[in-house]
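Colleague: For reference, the structure I am asking about is given below.
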Amino acid sequence: MQNDYKLLIFDWDGTLADSIGRIVTAMHIAAQRAGRPERNDEAVKGIIGLGLPEAILTLYPDMTPEQVVSFRQHYADVYIAMDAQPSPLFAGVKDSLEAFRAEGYRLAVATGKARRGLDRVLKANGWEDFFDITRAADESASKPDPLMLNQILAHCDVRPEHVLMVGDASFDLLMARNAGIDSVAVGYGAQSMQSLLAYEPRLAIERFTELRTWLGRQVN
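Residue 27 in UniProt numbering sits at position 27 of the sequence shown, and the numbers go up by one each step.
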């Protein structure tokens, strides 16, 4: 491998896993149980990628801390029940990640999921030890704060110019910008490609396999 990238960091929901519809449904049901008005699908998609408390407050800014805790529990109850069979990976994800690993890339996950949820889906995919490091929102700072990325870079001892962040939300791309690293915009997830292009990603893809093709072309 002779290109400049040594470490590839991936968002989870909407980037690796086809879970957006499930998240939207769980948020609607949680709103019903909490006696709150449902936000439309696009509004919910717009908060995917944030840590759950930050996402709830974005949708319902008048909530008290106690109400956020209660709403968060409603959401968790619904989502965990729905996630008994974890959301499937997008086409090409498994083979591409295994190829990246074989080609010598370091691999990491930076997600708005909580650690408990991330560990559950990693285990379901047999990936408990696959990534060099994973960071969840409840053990770091919510995107777009760059803390998650800074922690990953420090763990892997890789400089920002050798890192690529792949995500489907503005929060992913802004986090990458805040950390001084390149990004890849994913157009098949939560947010439209048009909105993501404003963050000047190095690459924009509509299928995960396009990343593998592009990285292959960077090899001199």
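Even glycine gets a Cβ: it sits at the ideal position worked out from N, Cα and C.
On a predicted model such as this, the values are computed, not experimentally measured, just so you know.
Give me the DSSP bridge partner(s) of V69.
Modeller: DSSP, once it has assigned bridges, lists no residue as partnering V69.
Colleague: Flag this pair as touching only if the segment 157 to 175 and the segment 117 to 137 have three or more C-beta atom pairs under 8 Å; answer yes or no.
Modeller: Taking 8 Å as the limit for Cβ pairs, the verdict is that the segment 117 to 137 does not touch the segment 157 to 175.
Colleague: Less than 8 Å between the CB atoms is what I'm expecting for A99 and R217, so what's the real figure, rounded?
Modeller: That pair is no contact at about 14 Å.
Colleague: Which residues in the same chain as P146 place their Cβ atom closer than 6 Å to its Cβ, once the five residues preceding and following it in sequence are excluded?
Modeller: Only M175, N178 and A179 meet the Cβ criterion.
Colleague: Name the one or two DSSP bridge partners that residue 228 has.
Modeller: No information on residue 228 is available, as it lies outside the stretch 1 to 220 that the chain covers here.
Colleague: How many whole angstroms separate the CB atoms of G112 and K143, which I take to be in contact at a CB cut-off of 8 Å?
Modeller: Contact flag correct, Cβ pair sits at about 6 Å.
Colleague: Taking the alpha-carbon positions, what's the Q191 to G46 distance?
Modeller: Cα-Cα distance, rounded: 7 Å.
Colleague: CA-CA distance, I205 and Y5?
Modeller: Answer to the nearest angstrom: the Cα atoms are 17 Å apart.
Colleague: What is the residue span of the alpha helix (DSSP H) that S170 lies within?
Modeller: S170 to A179 is the extent of the alpha helix (DSSP H) around S170.
Colleague: By the 10 Å Cβ neighbour count, where 16 or more other Cβ atoms means buried, how is T15 classified, buried or exposed?
Modeller: When all chains shown are included, T15 counts as buried.
Colleague: Taking 7 Å as the threshold (C-beta atoms), are A108 and D132 in contact?
Modeller: Against a cut-off of 7 Å, the Cβ pair of A108 and D132 comes out as a contact.
Colleague: CB-CB under 6 Å to A124, same chain, minus the five flanking residues each way: which ones, in chain order?
Modeller: Excluding residues within five positions, the ones whose Cβ falls inside 6 Å are P86.
Colleague: What ranges does the alpha helix (DSSP H) occupy inside the segment 39 to 90, keeping only unbroken runs of at least 4 residues that lie completely in it?
Modeller: Runs found: 41 to 45, 52 to 59 and 65 to 82.
Colleague: Which first and last residues belong to the beta strand (DSSP E) in which L203 is found?
Modeller: Looking at the DSSP string, the run of the beta strand (DSSP E) that includes L203 is L203 to I205.
Colleague: Strictly by DSSP, which residues pair up with T134?
Modeller: Bridge partners of T134: V109.
Colleague: For a test of the three-state rule: what should DSSP assign to L153, helix, strand or coil?
Modeller: Residue state, collapsed to three classes: helix.
Colleague: When you compare the segment 77 to 96 with the segment 35 to 53, are there three or more beta-carbon pairs, one atom per stretch, that lie closer than 8 Å?
Modeller: Counting Cβ pairs under 8 Å, fewer than three are found: no touch.
Colleague: Would you tell me roughly how many angstroms separate the C-alpha atoms of T58 and R101, rounded to the nearest one?
Modeller: Roughly 37 Å separates the two Cα atoms.
Colleague: Using a Cβ-Cβ cutoff of less than 8 Å, which residues in the same chain neighbour G187 once the five nearest sequence positions on both sides are dropped?
Modeller: Cβ neighbours of G187 beyond the five flanking positions: D168, M193, L196, A204, I205 and E206.
Colleague: Do you know how far the Cα of F208 is from the Cα of D129?
Modeller: Using only the alpha carbons, I get a separation of about 22 Å.
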